[in-house]
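What follows is one structure encoded as structure tokens, with my remarks underneath.
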């Protein structure tokens, strides 16, 4: 987790301010292990392998857990990249174009392996936050950690830990990699 992500985070329970309460391990600009906590209600969340963890599959309804597990498995095993992703992504979000992302703060819900998070970051978004409930956050973090403007968060889309600070949000549901 890059420290600048903290400006976009709020407690998903009470909307209180979140702070970094410990930084156990760092690698360059990333906090790899640590803890976040709400200054209002004292909830805490771990940062594990560079990803703040606001939810876990075993804490959500069974239908959400099943979907997250199936997609998570897929995005962890089919990690290849393809030059066709950019064109496919732009077709899905048309009439939005690549230059639209320039200078924007973007939220990608259901980021999977992070391929669209990468594209938005490379197309000049000021910040891109990719969110997923599944273990695919591991793959997404690995794919985006070198991008200064990309962040990955594990959370439930129904209980997002974000302030209202985004210029653009996208939630794409795909069934292929």
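Numbering (this note's numbering), first residue to last: 55 to 231.
Just so it is clear, CB atoms sit at the ideal spot from N, CA and C, and this is done for glycine as well.
- Secondary structure at residue 186: strand, using DSSP grouped into helix, strand and coil.
- For residue 205, the beta-bridge partners assigned by DSSP are 183.
- The beta carbons of residue 198 and residue 175 sit about 7 Å from each other, so the pair counts as a contact at 8 Å.
- In this structure, the CA atom of residue 158 is about 31 Å from the CA atom of residue 95.
- Rounded to the nearest angstrom, the gap between the Cα atoms of residue 100 and residue 166 is 20 Å.
- Residue 200 and residue 140 have their alpha carbons spaced roughly 19 Å apart.
- With respect to the C-alpha of residue 67, the residue from 221, 79 and 217 having the closest C-alpha is 217.
- In the three-state reduction of the DSSP assignment, residue 224 falls in the strand class, which pools E and B.
- Listed in chain order, the non-local C-beta contacts of residue 224 below 8 Å within the same chain comprise 147, 160, 161, 162, 163 and 170, local neighbours out to five positions each way being set aside.
- Judged by DSSP in its simplified three-state form, residue 174 adopts helix.
- The residues 163, in chain order, have a CB closer than 6 Å to that of residue 211 in the same chain once the five nearest residues on each side in sequence are set aside.
- Taking 8 Å as the cut-off, the Cβ atoms of residue 143 and residue 207 do not count as close.
- Taking the Cα positions, residue 77 is about 30 Å away from residue 222.
- When secondary structure is reduced to three states using DSSP, residue 158 falls in the coil class, being assigned neither helix nor strand.
- Following the DSSP letters along the chain, one finds residue 192 in no beta strand (DSSP E) but inside the alpha helix (DSSP H) bounded by residues 191-198.
- Taking C-beta atoms as the reference points, residue 59 and residue 215 fail to come closer than 8 Å.
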